[in-house]
Amino acid sequence: QQLLSLKIKCEIKIMENKQREIDLSKVILILKENRKQIGIASAVTTLLAIIYCVFATPIFTAKTVINPPKLTDAGSGVAQALSGLAALAGGGGGFLSQKTDADVAVALLNTAALKNMVIKQFGLTKYLDKKDIELTRAALDQKIKFIPDIKSGFVEIDVDDKDPKLAANIASYYTIALGQLISNIAYNRSQQKVTFFEGQLKVTKQNLSQSESNIKAFIQKNGIIAGQQVQVLASIATQLQSKLVVAQAQLQSLAYYASPENSEYKSLQAQIDSYKQQLNQLNDRDSTDNIAIPSNLAPDLAQQYLNLMRNFVLQEEIYKLLTKQYQANRLDALSEMIPTAVQVVDPAVVPLHKSKPKRLKIILGALVFGSLFSSVYFIIRQRRRIIVEV
12 QQLLSLKIKC EIKIMENKQR EIDLSKVILI LKENRKQIGI ASAVTTLLAI
62 IYCVFATPIF TAKTVINPPK LTDAGSGVAQ ALSGLAALAG GGGGFLSQKT
112 DADVAVALLN TAALKNMVIK QFGLTKYLDK KDIELTRAAL DQKIKFIPDI
162 KSGFVEIDVD DKDPKLAANI ASYYTIALGQ LISNIAYNRS QQKVTFFEGQ
212 LKVTKQNLSQ SESNIKAFIQ KNGIIAGQQV QVLASIATQL QSKLVVAQAQ
262 LQSLAYYASP ENSEYKSLQA QIDSYKQQLN QLNDRDSTDN IAIPSNLAPD
312 LAQQYLNLMR NFVLQEEIYK LLTKQYQANR LDALSEMIPT AVQVVDPAVV
362 PLHKSKPKRL KIILGALVFG SLFSSVYFII RQRRRIIVEV
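Next up, the structure:
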């Protein structure tokens with residue numbers, strides 16, 4: 012019994028170790044036997060493809076090619092305006108330097124803000140029969156393609172639609188919308204600076220009015236005016252300090268959108284250090300928070316008057332300088348409201364021939380799919396016939 016059991020186990024093991032192979036001749040035989048069914052299946056899929064091509068809505072593709080603005084040039088105003096977006100994009104300060112102008116342009120073209128401009132311009136929510144703006148943006152993504160050319164740096168904008176004229180109009184408008192979006196970003200940056208200087212002007216105007224009131228009150232009470240020498244010294248000191256205050260305000264404004272490594276930031280910091288050094292030399296002191304005139308130049312009352320006059324002149328100088336900065340930034344903001352010019356290399360034209368559906372490819376694909384699918388079906392169905400043990 013033990014020998015019989017051992018023999019049975021060996022036979023089972025031998026059977027398990029037998030390799031199974033596919034007999035190709037039997038595969039061919041199965042295909043021959045079912046060639047009629049395979050032909051019918053191929054004919055059905057091909058017929059369905061032909062019907063689809065006949066009744067499918069023709070799609071036209073309008074194309075335009077643009078040469079995007081210099082968005083990565085660190086010295087350009089556009090690049091400075093986009094530096095905030097670069098940080099948000101996760102690239103930090105080196106984002107723009109690591110990307111091409113075409114890459115940044117494509118990123119801007121894909122923003123929700125620009126899509127909303129296109130949707131609003133052509134009323135696409137109603138045209139595409141969508142419930143809300145988000146679904147419309149998703150549908151618009153299916154119609155638009157942005158293709159950057161690495162060699163030339165150009166960007167091709169492709170728009171698909173059943174209306175060839177609308178497709179051409181949308182493709183053309185994308186160039187306008189891109190320029191408008193870039194200008195909006197730059198305008199918002201300038202507007203922030205305008206708002207900042209406007210707030211500083213209000214505070215300085217209040218301080219100036221208060222300084223003037225203090226001087227009038229002092230004169231009415233004491234009836235004296237400090238000597239000319241003291242006023243000259245105070246004028247020099249207050250001019251320096253007013254420039255220092257304005258420079259510090261500019262640096263504070265610049266810190267909102269620029270890092271300490273920015274060239275403009277470094278230049279302002281150097282000016283501030285220079286003003287502080289001059290004030291230290293004038294007053295022979297280590298601190299410039301309060302500019303004091305040596306007491307031996309004037310009596311006590313003259314010193315008090317000097318401090319009042321110095322504060323008044325300081326606030327007056329700050330007010331003048333801030334007014335200039337405010338007006339300059341206001342003009343910059345107004346100029347940036349004009350859309351940035353985007354160079355169109357190849358303007359969009361109304362397409363004459365449809366680009367989709369591609370009839371020949373669809374019919375051939377349906378024929379191949381029908382033949383392949385039916386062949387695999389019959390082979391799997393009769394798989395026991397084609398497997399042999401060796």
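Quick note on numbering: my numbering labels position 97 of the sequence shown as 108, and the sequence is numbered without any gaps. All C-beta atoms in this analysis are idealised placements derived from N, C-alpha and C, irrespective of residue type, glycine included.
- Hey, how far is the Cα of Arg396 from the Cα of Ser366? Approximately 47 Å between the Cα atoms of the pair.
- Residue(s) in a DSSP beta bridge with Thr75: BP columns for Thr75 point to Ile168.
- Task: Spatial neighbours of Gln336 within its chain, please: CB distance less than 6 Å, with the 5 preceding and 5 following residues excluded, ordered by chain position.
- Result: Cβ neighbours of Gln336 beyond the five flanking positions: Phe208.
- Message: By the three-class DSSP mapping on this structure, what secondary structure does Pro271 have?
- Response: Coil at Pro271, not helix or strand.
- Determine contact between the segment 215-234 and the segment 374-391, defined as no fewer than three beta-carbon pairs at a distance below 8 Å. Judged by Cβ distances under 8 Å, the segment 215-234 makes no contact with the segment 374-391, as fewer than three pairs qualify.
- Using a Cβ-Cβ cut-off of 6 Å (strictly less than) and excluding sequence neighbours within five positions of Ala73, which residues of its own chain qualify? Only residues of its own chain outside the window of five on either side were considered, and among them Val170, Ala178, Ala179, Ala182, Ala359, Pro362 have a CB closer than 6 Å to the CB of Ala73, listed in chain order.
- Would a C-beta distance cut-off of 9 Å place Leu290 and Thr215 closer than the cut-off? The Cβ atoms of Leu290 and Thr215 do not sit closer than 9 Å to each other.
- Report the three-state DSSP secondary structure of Lys156 (helix, strand or coil). Taken through DSSP and simplified to helix, strand or coil, Lys156 comes out as strand.
- Query: Grouping DSSP H, G and I as helix and E and B as strand, with all else coil, what is Val65?
  - Reply: DSSP places Val65 in helix when its eight states are reduced to three.
- Message: I'd like to confirm the pairing. Which residues does DSSP put opposite Gln354 in its beta bridges?
- Response: Under DSSP, Gln354 shares a beta bridge with Asn78.
- Query: Does DSSP put Ile70 in a helix, in a strand, or in coil?
  - Reply: Judged by DSSP in its simplified three-state form, Ile70 adopts strand.
- Between the CA atoms of Leu342 and Ile329 - distance to the nearest angstrom: Whole-angstrom Cα-Cα distance: 20 Å.
- Message: If you follow the alpha helix (DSSP H) that Lys369 is in, where does it begin and where does it stop?
- Response: Looking at the DSSP string, Lys369 is not in any alpha helix (DSSP H), and its letter there is neither H nor E.
- Would you mind working out which of Asp172, Ala52, Ala188 sits nearest Thr68, comparing C-alpha positions? Cα-wise, what sits closest to Thr68 is Asp172.
- Query: For Gly381, does the count of other Cβ atoms within 10 angstroms reach 16, so buried, or fall short, so exposed?
  - Reply: The residue is buried, with at least 16 neighbouring Cβ atoms inside 10 Å.
- If you run the structure through DSSP and keep just helix, strand and coil, what is Leu290? Three-state DSSP puts Leu290 in a helix.
- May I have the straight-line CA-CA distance separating Ile168 from Ile61, to the nearest angstrom? Answer to the nearest angstrom: the Cα atoms are 31 Å apart.
- Task: With Ile142 as the anchor, note down where its alpha helix (DSSP H) starts and where it stops.
- Result: Inspection of the sequence shows that residue 142 is occupied by Lys rather than by Ile. DSSP places Lys142 outside any alpha helix (DSSP H), giving it a letter other than H or E.
- Query: Whole-angstrom Cβ separation of Val356 and Phe165, contact assumed at under 8 Å?
  - Reply: Confirmed, about 6 Å.
- Spatial neighbours of Gln261 in its chain, beta-carbon cut-off 8 Å, leaving aside the 5 residues before and after: Cβ within range, chain order: Leu279, Gln336.
- Distance between Leu58 and Gly134 (C-alpha atoms, nearest Å): When only Cα atoms are considered, Gly134 and Leu58 end up about 38 Å apart.
- Ile39 and Gln393: beta carbons closer than 9 Å? No, Cβ-Cβ distance for Ile39 and Gln393 is not below 9 Å.
- Item | Cβ-based burial, Ile302 [other Cβ within 10 Å; buried from 16] | With a pLDDT of only 43 at Ile302, under 50, the local geometry of the prediction cannot be trusted, and no value is derived from it.
- Query: Roughly how many angstroms separate the alpha carbons of Lys156 and Phe66, rounded to a whole number?
  - Reply: Across the structure, Lys156 and Phe66 are spaced so that their CA atoms are roughly 25 Å apart.
- Message: Given 8 Å as the limit, tell me if Ile130 has its C-beta closer than that to any heavy atom belonging to the ligand ATP.
- Response: Among the ligands in the structure shown, none appear at all, so the ligand ATP cannot be discussed.
- Message: Asp152 and Phe71 - do their beta-carbons sit closer together than 9 Å?
- Response: Not closer than 9 Å, so no.
- Task: Report the rounded CA-to-CA distance for Pro80 versus Gly190, giving the unit in angstroms.
- Result: One C-alpha to the other measures close to 9 Å.
- Task: Closer than 6 Å by C-beta to Ser253: which residues in its own chain qualify, once you throw out the five before and the five after it? Chain order, please.
- Result: Hits under 6 Å: Leu325, Glu328, Ile329.
- Item | Between the CA atoms of Ile391 and Leu192 - distance to the nearest angstrom | Going from the Cα of Leu192 to the Cα of Ile391 covers about 58 Å.
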